[in-house]
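Under the working numbering, read the sequence shown as residues 1 to 113, first letter to last. Using N, Cα and C, we set each Cβ at its ideal position, and we do this for glycine too. Bear in mind the structure is a predicted one, so any value in this text is a computation, not a measurement. The structure appears below as structure tokens.
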Amino acid sequence: MAGPNWGELLLSIEDFPSALGKQPLSAEQVERLKSIANASSSYSGILNSGISAIGWSIAASADNEDFGIDANEVRNLGWLMQALGKLSQHLSDLHGEAEYRLQHCPRAESPAE
Numbered sequence: 001m002a003g004p005n006w007g008e009l010l011l012s013i014e015d016f017p018s019a020l021g022k023q024p025l026s027a028e029q030v031e032r033l034k035s036i037a038n039a040s041s042s043y044s045g046i047l048n049s050g051i052s053a054i055g056w057s058i059a060a061s062a063d064n065e066d067f068g069i070d071a072n073e074v075r076n077l078g079w080l081m082q083a084l085g086k087l088s089q090h091l092s093d094l095h096g097e098a099e100y101r102l103q104h105c106p107r108a109e110s111p112a113e
């Protein structure tokens with residue numbers, strides 16, 4: 001069995017029509033892709049800022065002779081950083097794919113009113 005993957009917990013962009021296909025996006029799919037692009041972009045920024053803050057905290061505590069962090073804590077922080085990096089990358093991929101599909105997929109015709 002493969003290790004855990006953030007992508008399995010998050011939505012799959014493959015649930016939407018491919019930009020290479022002829023199937024149009026419904027109005028609901030267009031709105032959903034816009035929401036995905038917006039949320040993934042926002043959360044990517046938050047995660048990246050948090051990862052940077054964690055890095056700064058690790059460096060600052062390592063230089064503190066009175067209060068430092070032990071090897072087990074450093075190891076746990078390393079695994080956290082790896083998981084956050086993978087999540088951030090997945091969100092970045094979602095954002096790019098959602099934007100691409102919004103730009104390149106045909107749109108379904110709206111019913112006449």
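One Cα belongs to aspartate 66, the other to aspartate 93, and the distance between them is close to 42 Å. For glutamate 97, the enclosing alpha helix (DSSP H) starts and ends at 71–104. Unbroken beta strand (DSSP E) runs of no fewer than 3 residues, entirely contained in the region 7–31, are not found. If you check the CB distance, serine 41 and histidine 95 come in under 8 Å. Buried is the label assigned to isoleucine 13, since at least 16 other Cβ atoms lie within 10 Å of its Cβ.
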